[in-house]
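What follows is one structure encoded as structure tokens, with my remarks underneath.
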Amino acid sequence: MKKTKGIAAAVMIFALISMIVITPGDLGKEPATGFASHRIVAHTMGGINGHTYTNTVEAFAANYEQGSRVFEADLLLTADDQLVARHEWTNNMSKLLASKRYCLLPNKASCWIMPSLWIVLF
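Numbering (our numbering), first residue to last: 6 to 127.
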């Protein structure tokens, strides 16, 4: 019984010391602002109904409703110089989008869907 109490006390002391050593490094930090304050980035507007990489309005709306506030979209330039949100041009993706269950997100839609949208180009 005494041995168990001794081990428990040692573990608690170790935990307390660890918290004291680790925490002060974060005390002086300014909280993150802007999109850096969010821990989750919805890649290609986030998944929807088991589908990934859709870049669709529906995926954006569903993930925004679930709390996502930072979204990544893959923007590609078409042969006729139109900018579209699309992850890839493979046959599989073309078949999925041709089913008309989802529609591609046009550039202008991002302005009215989310006025505080940040576009980061690399």
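Beta carbons are placed, not taken as given, at the ideal position from N, Cα and C, and that holds for glycine.
Cβ pair E77, H48 closer than 7 Å = As a first step, residue 77 is located in the sequence shown; it is residue number 72 there, counting from the start. As a first step, residue 48 is located in the sequence shown; it is residue number 43 there, counting from the start. It is a contact, given that the beta carbons lie within the stated cut-off.
key: Option in I22, A84, I18, G51 with minimal Cα separation from G72   = Translated into positions along the sequence shown, residue 72 becomes position 67. Looking at I22, A84, I18, G51, the one whose alpha-carbon comes closest to that of G72 is G51.
inquiry  = Let's test the definition: count the other Cβ atoms within 10 Å of the Cβ of A37 and tell me whether it reaches 16, buried, or not, exposed.
reply    = Taking the first residue of the sequence shown as 1, we reach residue 37 at position 32. Exposed, because fewer than 16 other Cβ atoms sit within 10 Å of the Cβ of A37.
key: Contiguous alpha helix (DSSP H) assignments of at least 4 residues, all confined to the segment 47 to 101   = Taking 4 residues as the minimum length, the alpha helix (DSSP H) runs contained wholly in the segment 47 to 101 are 62 to 70, in order along the chain.
key: Where A90 falls, given that 16 or more other Cβ within 10 Å makes a residue buried   = Counting from 1 along the sequence shown, the entry for residue 90 is found at position 85. Burial of A90 is indicated by the presence of at least 16 other C-beta atoms within 10 angstroms of its C-beta.
DSSP-derived helix/strand/coil call for T38 = Residue mapping note: residue 38 aligns to position 33 of the sequence shown, counting from 1. T38 falls in the coil class under three-state DSSP.
query = In angstroms, rounded to a whole number, what distance separates the CA positions of L75 and V46?
reply = Working through the sequence shown from its first residue, we reach residue 75 at position 70. Working through the sequence shown from its first residue, we reach residue 46 at position 41. Sequence check: residue 75 is Val here, not Leu. Straight-line Cα distance between these residues: approximately 5 Å.
ask   = Taking just the CA atoms, how far does D86 sit from E70?
value = Numbered from 1 along the sequence shown, position 65 holds the residue referred to as residue 70. Numbered from 1 along the sequence shown, position 81 holds the residue referred to as residue 86. Taking the straight line from one Cα to the other gives about 32 Å.
task = Look at the alpha carbon of I53 and the alpha carbon of N60, and state the distance between them as a whole number of angstroms.
result = Working through the sequence shown from its first residue, we reach residue 53 at position 48. Working through the sequence shown from its first residue, we reach residue 60 at position 55. Roughly 10 Å separates the two Cα atoms.
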